[in-house]
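Trainee: Numbering (the numbering used here) for the sequence shown: 44 to 346.
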Amino acid sequence: MSRSQANLLLLAVALIWGSAFVAQAEGMAGVGPLTFTGIRFLLGTAVVAPLAWREWRLLSSRDAQPLPRDAPGIAALGVLLMLGAAFQQIGITSTTVTNAGFLTALYVPLVPLLAWLILRHPAHWSVWPTSLGCLAGTWLLSGANGFDPVAGDLWVMAGSVFWALHVIFVGRIAERLRAPFLVACGQFLVCGLLGLLWAGLSEALTLAGIRQAALPIAYAGLVSVGIGFTTQVVGQRYAQPADAAIILSAETVFAALFGFLLMGDRLDANGIAGCALILVCIVAVQIAPLAAAGRRALARRTQ
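#1: Less than 7 Å between the C-beta atoms of Val56 and Ala256, yes or no?
#2: CB-CB under 7 Å to Gly238, same chain, minus the five flanking residues each way: which ones, in chain order?
#3: Residues in the same chain with beta-carbon distance under 8 Å from Ile321, minus the five sequence neighbours each way, listed in chain order, please.
#4: Using a threshold of 7 Å, state whether the C-beta atoms of Glu69 and Leu225 are closer than that.
#5: If I follow the unbroken alpha helix (DSSP H) through Thr88, where does it start and stop?
#6: Pick out whichever of Gln131, Gly252, Gly271 and Asn50 has its Cα sitting closest to the Cα of Cys228.
#7: Taking only runs that begin and end inside the segment 222-251, name each unbroken alpha helix (DSSP H) of 4 or more residues, in chain order.
#8: Taking the alpha-carbon positions, what's the Pro115 to Gly307 distance?
#9: Where does Pro165 sit, in a helix, a strand or coil, going by DSSP?
#10: For Thr140, I'd like the list of residues in its chain whose CB is within less than 6 Å of its CB, leaving aside the five on either flank, ordered along the chain.
#11: Buried or exposed: which applies to Pro172, given that a residue is buried once 16 or more other Cβ atoms fall within 10 Å of its Cβ?
#12: Around the C-beta of Ala194, are 16 or more other C-beta atoms found within 10 angstroms, so that it is buried, or is it exposed?
#13: Check Thr136 in the structure and name its three-state DSSP category.
#14: Run the proximity test for Val213: is its beta-carbon closer than 6 Å to any non-hydrogen atom belonging to the ligand GTP?
#15: Smallest Cα separation from Leu123: which of Leu101, Trp198 and Gln230?
#16: Mapping DSSP to helix, strand and coil, what is Asp196?
#17: Determine whether the beta carbon atoms of Thr147 and Ser103 lie at a separation below 7 Å.
#18: Going by alpha carbons, who is nearest to Ala66 out of Ile330, Thr138 and Ser267?
#19: Grab the span of the alpha helix (DSSP H) containing Val277 for me, first residue to last.
#20: Do you know offhand how far Arg105's Cα is from Ile315's?
#21: Measure the beta-carbon distance from Val213 to Gln279 and round it to whole angstroms, keeping in mind my assumption that it falls under 8 Å.
#22: Where do the N-terminal and C-terminal ends of the alpha helix (DSSP H) with Gln283 fall, by residue?
#23: Under 8 Å by Cβ, that's how I've got Trp206 and Gly127 pegged, so tell me the actual separation to the nearest angstrom.
#24: Expressed to the nearest angstrom, what Euclidean distance is found between the alpha-carbon atoms of Asn313 and Val154?
#25: With DSSP collapsed to three states, give me the class of Gln108.
#26: Which of helix, strand or coil does DSSP assign to Ser47?
#27: Could you round the C-beta distance between Met200 and Ile135 to whole angstroms and report it? I think they count as a contact, below 8 Å.
#28: Just to confirm my understanding: we take Glu246, look at its own chain, exclude 5 residues before and 5 after, and list those with CB closer than 7 Å. What are they?
#29: Per DSSP, what kind of secondary structure is Thr71 in: helix, strand or coil?
#30: Counting C-beta neighbours from all protein chains within 10 Å, is the total for Ser47 16 or more, i.e. buried, or is it exposed?
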């Protein structure tokens with residue numbers, strides 16, 4: 044898969060995730076955040092399981108299937124996924140969807156920073172201004188008002204650290220194993236089971252509540268997890284982590300769009316400017332490295 048194709052896949056993921064913010068907010072009417080997280084990821088496991096099984100058989104025929112020593116890495120992805128999703132979901136119960144979208148986008152500048160600190164991975168210079176631009180764009184999208192964090196905001200901010208770590212490592216593990224569906228299925232299963240275990244210790248679970256939240260859970264599980272997160276694993280095999288984080292930050296733009304279409308939200312001038320800034324940064328982070336590579340290639344040919 045080419046870099047451009049991978050980036051288009053990740054942009055589709057951002058659209059799916061942006062639409063899921065509505066479902067996540069609506070689902071809180073019937074169940075707790077951990078129950079919501081656990082069930083949605085187990086639904087996602089069911090969606091991707093047939094593809095994972097087919098992939099396992101194909102890899103086994105070439106004696107290239109993942110080995111038992113690969114399980115801890117996949118399980119670690121599931122833990123990061125559960126912490127990011129659960130913290131975000133807990134935060135949504137006591138903050139606005141707009142603030143949650145803004146604060147989740149903190150993972151954008153965190154990705155190159157953590158990749159540099161943990162992996163000593165240098166990033167193209169364009170990543171830094173575009174990351175800050177995405178953050179500024181989400182601030183404009185949130186209304187460009189003074190920010191006084193509440194408990195929910197702090198939960199979402201903590202979750203952004205785990206989202207950033209997940210973005211960094213999911214592509215590396217998927218590329219090393221060359222088994223994106225097995226990686227996706229494994230991390231979803233770990234995330235869902237841990238989420239339900241945590242819910243069983245801290246939340247009241249009722250059948251009536253599950254029925255009330257059934258449609259939002261189904262959308263968040265089948266579409267956002269089953270399709271969105273699986274496509275993320277596939278796309279990130281061929282995309283740079285920092286670039287992927289910036290493209291995925293477009294979910295804030297799509298969240299605003301679906302809020303407008305489904306919940307009657309309206310964007311003011313600041314919101315429109317924020318959407319435009321995020322889109323400009325997404326394009327810029329792709330063009331700058333390609334332009335630099337083109338200039339180097341031209342210089343070599345003229346020598």
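Heads up, the beta-carbon is just placed ideally off N, CA and C, and yes, glycines get one too.
Mentor: Taking the geometry as given:
#1: For the purposes of this step, residue 56 is taken as the residue at position 13 of the sequence shown. For the purposes of this step, residue 256 is taken as the residue at position 213 of the sequence shown. Not a contact, by the Cβ cut-off of 7 Å.
#2: The residue given as residue 238 occupies position 195 in the sequence shown. So the qualifying residues of the chain are Leu77, Thr80, Gly81, Phe84, Met125 and Ala129.
#3: The sequence position of residue 321 within the sequence shown is 278, counting from 1. Result list for Ile321: Gly176, Cys177, Gly180, Thr181, Leu184, Ser292, Ala293, Thr295 and Val296, in chain order.
#4: Your numbering for residue 69 matches position 26 in the sequence shown. Your numbering for residue 225 matches position 182 in the sequence shown. Cβ distance not < 7 Å, so Glu69 and Leu225 don't count as in contact.
#5: Translated into positions along the sequence shown, residue 88 becomes position 45. Run containing Thr88: Pro76 to Ser104, per the alpha helix (DSSP H) assignment.
#6: On the sequence shown, position 185 is the one that residue 228 refers to. It is Gly271 whose Cα lies nearest to the Cα of Cys228.
#7: 223-245
#8: For the purposes of this step, residue 115 is taken as the residue at position 72 of the sequence shown. For the purposes of this step, residue 307 is taken as the residue at position 264 of the sequence shown. About 44 Å.
#9: Position 122 of the sequence shown, counted from the start, is the residue given in the question as residue 165. Secondary structure of Pro165 (DSSP, three-state): coil.
#10: One-based indexing of the sequence shown puts residue 140 at position 97. According to the sequence provided, residue 140 is Val. The question's Thr does not apply to it. Excluding sequence neighbours, Val140 sits near Phe64 and Ala68.
#11: Here the question's residue 172 lines up with position 129 in the sequence shown. Exposed: under 16 other Cβ atoms inside 10 Å.
#12: Your numbering for residue 194 matches position 151 in the sequence shown. Exposed.
#13: Translated into positions along the sequence shown, residue 136 becomes position 93. Looking at Thr136 - three-state DSSP - the assignment turns out to be coil, as it is neither helix nor strand.
#14: Absence of the ligand GTP from the depicted structure is noted, as is the absence of any ligand whatsoever, leaving it without description.
#15: Residue mapping note: residue 123 aligns to position 80 of the sequence shown, counting from 1. Nearest neighbour of Leu123 by Cα position, chosen from Leu101, Trp198 and Gln230, turns out to be Gln230.
#16: The residue you call residue 196 lines up with position 153 of the sequence shown. In the structure shown, Asp196 sits in a helix (DSSP, three-state: H, G or I).
#17: Taking the sequence shown and counting its residues from 1, one reaches residue 147 at position 104. Taking the sequence shown and counting its residues from 1, one reaches residue 103 at position 60. Not a contact, by the Cβ cut-off of 7 Å.
#18: Start at 1 with the first residue of the sequence shown, and residue 66 comes out as number 23. Ranking the options by Cα distance to Ala66, first place goes to Ser267.
#19: Looking up residue 277 in the sequence shown gives position 234. That run of the alpha helix (DSSP H) goes Thr273 to Gly278.
#20: Within the sequence shown, the letter at position 62 stands for residue 105. Within the sequence shown, the letter at position 272 stands for residue 315. Those two C-alpha atoms are separated by around 51 Å.
#21: Residue 213 sits at position 170 when you count from the first residue of the sequence shown. Residue 279 sits at position 236 when you count from the first residue of the sequence shown. Right, their Cβ atoms sit about 6 Å apart.
#22: Taking the sequence shown and counting its residues from 1, the one referred to as residue 283 is at position 240. Segment: none, Gln283 is in no alpha helix (DSSP H) and carries neither H nor E.
#23: In the sequence shown, the residue the question calls residue 206 occupies position 163. In the sequence shown, the residue the question calls residue 127 occupies position 84. Contact flag correct, Cβ pair sits at about 4 Å.
#24: As a working mapping, residue 313 is identified with position 270 in the sequence shown. As a working mapping, residue 154 is identified with position 111 in the sequence shown. Going by the C-alpha atoms only, they are around 26 Å apart.
#25: Taking the first residue of the sequence shown as position 1, residue 108 is located at position 65. Gln108: coil per DSSP, three-state reduction.
#26: Within the sequence shown, residue 47 is the residue found at index 4, counting from 1. The answer is helix: DSSP assigns Ser47 an H, G or I state.
#27: Along the sequence shown, one-based indexing puts residue 200 at 157. Along the sequence shown, one-based indexing puts residue 135 at 92. Going by Cβ atoms, the distance from Met200 to Ile135 rounds to 13 Å, so no, they are not a contact pair.
#28: As a first step, residue 246 is located in the sequence shown; it is residue number 203 there, counting from the start. Excluding positions up to five away in sequence, the list reads Gly75, Leu77 and Thr78.
#29: For the purposes of this step, residue 71 is identified with residue 28 of the sequence shown, where counting begins at 1. What sits at residue 71 in the sequence shown is Met, not Thr. Three-state result, Met71: coil.
#30: Stepping through the sequence shown from its first residue, residue 47 is reached at position 4. So Ser47 counts as exposed.
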